[in-house]
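Numbering-wise (UniProt numbering), the sequence shown opens with residue 1 and increments by one.
Every residue gets a Cβ at the ideal spot worked out from N, C-alpha and C, and that includes glycine.
Read through the structure below, which is laid out as structure tokens, and then see the notes.
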Amino acid sequence: MTDVVVVESPAKAKTINKYLGDGYIVLASFGHVRDLPPKDGSVRPDENFAMSWQSDERGSKQIAAIIKALRGADTLYLATDPDREGEAISWHVRSMLEEKKALKGIEVQRVTFNEITKSAVRHAMAHPRDLDFPLIEAYLARRALDYLVGFTLSPVLWRKLPGSRSAGRVQSVALRLICEREAEIEVFQPREYWTVTAALSTVSGAPFTARLTHLDGKKLDQFDLNNAVLAEAARKAVETATLSVHAIERRKTRRNPQPPFTTSTLQQEASRKLGMGAQATMRTAQQLYEGIDLGGETVGLITYMRTDGVQMAAEAINAIRQHISKDIGADYLPEQPRHYASKAKNAQEAHEAVRPTNVSLSPATVAPHLTSDQRRLYELIWKRAVASQMASATLDQVAVDIADPAAKTILRANGSVITFDGFLRLYTESYDDNDKAADDESRMLPAMQERDKTALSNADAEQHFTQPPPRFSEASLVKKMEEIGIGRPSTYASILTVLRDRNYVMLENKRFVPEARGRLVTAFLVSFFERYVDPQFTASLEELLDDISDGRAEWKEVLSSFWASFSKAVEDTRELTITDVLNALDADLGPFFFPPRTDGSDPRHCTSCGTGRLGLKLGRYGAFIGCSNYPECQFTRRLSAESAEEDEGGAALKDGMKILGQHPVTGEDITVRQGPWGLYVQQGEPDPADKKAKPRRASLPKNTDGDKITLDQAVGLLSLPRLIGPHPETGEPIEAGLGRFGPYVKMGKVFGSLDKDDDVLTIGLNRAVDALAKKLASIRTLGAHPKDGEPVMVRKGRFGPYVQHDQMVATLPRGTDMDVVTLEEALTLLTEKGKPLKKKATATKKKTTTKKTAEKKTKDTEEKEKTPKKAPAAKKPRATATRKKKAEE
């Protein structure tokens, strides 16, 4: 008799199945098996926050598979991830099974393990527990909150700010942080300051550099030398001074290792050191956690990667200490193990830190079995965990003051020497723009004694300007959210993804830049829902959710308190007119959309009509800049902080679109325009005499700046697809093009997707062949069909391999290897089981409907001709007032 174990993913199921053996059936739920339907009424506050759940086709299929496996079983083990989401998935699985009466006589147990190793899995199976209902209630509260905010706030945005929708409860706060940082940068006024440095040498001739710190007996502050005149006077004072060593200060310092990774610090460090985004980091870590095939044995290489804990199990610490002593050196092992305190607010969700499951599996040992990203991330995790138990580094820091005899002009030279590298031998922490770089060990000073004479080679005065605060990177934004207390380990990656997917922000040089749409949404929410996008309020709500999971708060009371005030705030916006919204946004974002002009003229002055004033307008597809003299003045431009007359490239604006120039062959205007689905380029104008003929158009690739696109790039996009060259092996031509899903390469009937960063206009033959090779790996050509000579292929599909000839397909029998199928077998399958590819029914349905409509119209016309005409009925008065009111709203 076999028991059933349910986990989330097939990879995890495969690994655990090997550990447990034949006495168990391990199945995957493929994540959540059900969710709240995306429609109004799924959460009902008036019914004590009753919630309706709905399963999709995949979830129902997995539940059916579990029910089938449970026949004859004694126990169902729910072994989903050891966090809030994992607990919720287990609860959903059990609830659906209970609804289908599939658990009669079956014991249900919950098991969790922090690492997927044989010992950890078997220990968990031997120590089951019940479902953690406070954790489930915390999930229910969070899910209800996110639903209520999204489905209540989004309709308000649709009505009052067309083209926009809510970014989400926590995502909106993250968006506000990005927008406010951008506003800080825009209003930042740089201040000038100068520094004076001197190139000096000792009596023995050893060179070193010192910076001026005191002048005329006074210590210099940052802005004391704030112009070239003062800086030059200070430089000359250094040049004319007789300098010698005035004082030497030496002290020993220690640098301690950082704790092993949490989810947040892993994402930050992977971003800084490896250039990996939060989503890519978590996806790769998931693969390392679920198991890697190491020469026939599948092994989970790291512990669970969604955690805010920094502690490690005693067994892991002991194993790491043994490794340090044996493989690195006894000098690098501190006398006592290092224990780190967790900063997590929710003890139930504070698991072990992210660490290797077996320290003896060094990065070099497992590298042959890993992809590039897996290898780099595993090395980062392994080194950080091992370094966290190593000895501190010690440094000798030296500060030398060089002065004239009266000590009125003083320069300082700093340097340090690492006397013992300690943990630095293995791992060095990286820093972002908000941190002070720890580079003391990179500077060394020559040996000097007090009163030693020094020789001056030259003195330089260097101009500086204060810099605005840097834009957020993925790493620094995750760090900021963690500091404030918004979001949780499992949500950081999805928060950043949602903001980009909804085009509220873009990444420029790995920094978040808010789009105009993002700034509009933020300005609207801050103006009318300020409390609900306030970081402190959101952080306090996160604490309440943590209290629920810890059993200190009742989840429906938390929801009731939130809903009472939130629903009132939404109700207060019902009387808002579009004019009210526009006035608020115009006042808030005016300086951004209408920056001061260099000639001092009014940036809102409409240069098209000469008398109008530019301001924010709302249309069917969202906000834009328009003239107050509409409809007499038709001037418009898309929402961006650009001059109404000319952009940086100097391209003239005409009727709200940017003219890049003329097509080199036809002479037609090439323009950049804003459409309902984004920016596009267009060649020429529609022909009034031929309504069917449309000008050639091409969408701009994602992450392409419409303000910076050149004429050559636009002409290239309009001429796609582009011939790259012949395939080096087959000789078939390869083309590059841009489709609805992004850039692609094509050879015959084979399409290969390109990365979003690939430039479809410049991609070379090698990259194209590589992209096609990945696609061809899932396609095998068996030969030509004897009837028409068209190729017969076997391909990997979503539901398994299948054979295809033209528009006819047939699924391979279960368990059949696509690499061994012959042409004869494929022809037999196509003859016996072949089915035509499904076509979209839209066109046919529309055609049929049109035909029926036409027949009905003809019949109606004939009936009318037979019926005597009646006098026309009096027209009803037009509802002018009502329409006017709706237009205002």
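For a quick check, are the C-beta atoms of residue i and residue j less than 8 Å apart?
i, j, result
"Val570", "Val156", "yes"
"Gln389", "Arg425", "no"
"Leu830", "Phe562", "no"
"Ala461", "Glu290", "no"
"Gly485", "Ala553", "no"
"Leu411", "Leu212", "yes"
"Val33", "Val111", "no"
"Leu445", "Ala413", "yes"
"Asp586", "Leu618", "no"
"Ala768", "Val745", "yes"
"Val108", "Leu70", "no"
Using only CA atoms, which one of the options lies nearest to residue i?
i, options, result
"Leu456", "Thr240, Lys160, Ile106", "Thr240"
"Thr303", "Asp83, Asp550, Leu776, Ala391", "Asp83"
"Ile185", "Gln467, Gly300, Ile484", "Gln467"
"Val238", "Glu180, Leu294, Pro405, Ala768", "Pro405"
"Asp56", "Arg71, Ala73, Pro38", "Pro38"
"Asp327", "Ser271, Leu377, Val386", "Val386"
"Gly150", "Leu525, Arg500, Ile418, Ser628", "Leu525"
"Pro836", "Asp547, Leu827, Met808, Glu735", "Met808"
"Arg169", "Thr152, Arg159, Glu180", "Thr152"
"Thr428", "Arg451, Lys383, Leu70", "Lys383"
Just curious, the alpha helix (DSSP H) that residue i is in, first and last residue?
i, result
"Ile320", "314-323"
"Arg176", "169-187"
"Met282", "278-290"
"Glu571", "555-572"
"Glu269", "263-269"
"Glu483", "474-484"
"Phe751", "Looking at the DSSP string, Phe751 is not in any alpha helix (DSSP H); the run it does join, the beta strand (DSSP E), is 750-753."
"Glu824", "823-833"
"Val359", "It is not in any alpha helix (DSSP H) - Val359 carries neither H nor E in the DSSP assignment."
Quick one: is residue i buried, meaning 16 or more other Cβ sit within 10 Å of its Cβ, or exposed?
i, result
"Arg502", "buried"
"Gln171", "buried"
"Ser164", "buried"
"Phe799", "exposed"
"residue 933", "Residue 933 lies beyond the residue range present for the chain, which begins at 1 and ends at 889; the question has no answer from this structure."
"residue 890", "Because the chain here runs from 1 to 889, residue 890 falls outside it and cannot be looked at."
"Leu723", "exposed"
"Val6", "buried"
"Gln536", "exposed"
"Ile16", "buried"
"Asn114", "buried"
"Val821", "buried"
"His123", "exposed"
"Ser608", "buried"
"Gly731", "exposed"
"Trp555", "buried"
"Thr365", "exposed"
"Ser372", "exposed"
"Gln189", "exposed"
"Trp194", "buried"
"Thr671", "buried"
"Met305", "buried"
"Lys104", "exposed"
According to DSSP, which residues form a beta bridge with residue i?
i, result
"Ala199", "Thr209, Asn458"
"Lys100", "Answer is none; Lys100 lacks a bridge partner."
"Ile418", "Leu395"
"Ile699", "For the sequence presented, residue 699 should be read as Ser rather than Ile. Tyr680, per the DSSP bridge assignment."
"Asp35", "Gln54"
"Arg306", "DSSP, once it has assigned bridges, lists no residue as partnering Arg306."
"Ala403", "Ser244, Ile410"
"Gln674", "Leu679"
"Tyr77", "Val5, Gln109"
"Arg122", "Bridge partners of Arg122: none, in fact."
From which residue to which residue does the beta strand (DSSP E) around residue i run?
i, result
"Met747", "742-747"
"Lys326", "Element bounds for Lys326: n/a, residue is neither H nor E."
"His805", "802-805"
"Thr298", "297-299"
Taking 7 Å as the cut-off, does the CB of residue i come closer than this to any heavy atom belonging to the ligand ADP?
i, result
"Arg84", "Of the ligands one can find in the structure shown there are none, so the ligand ADP has no counterpart to examine."
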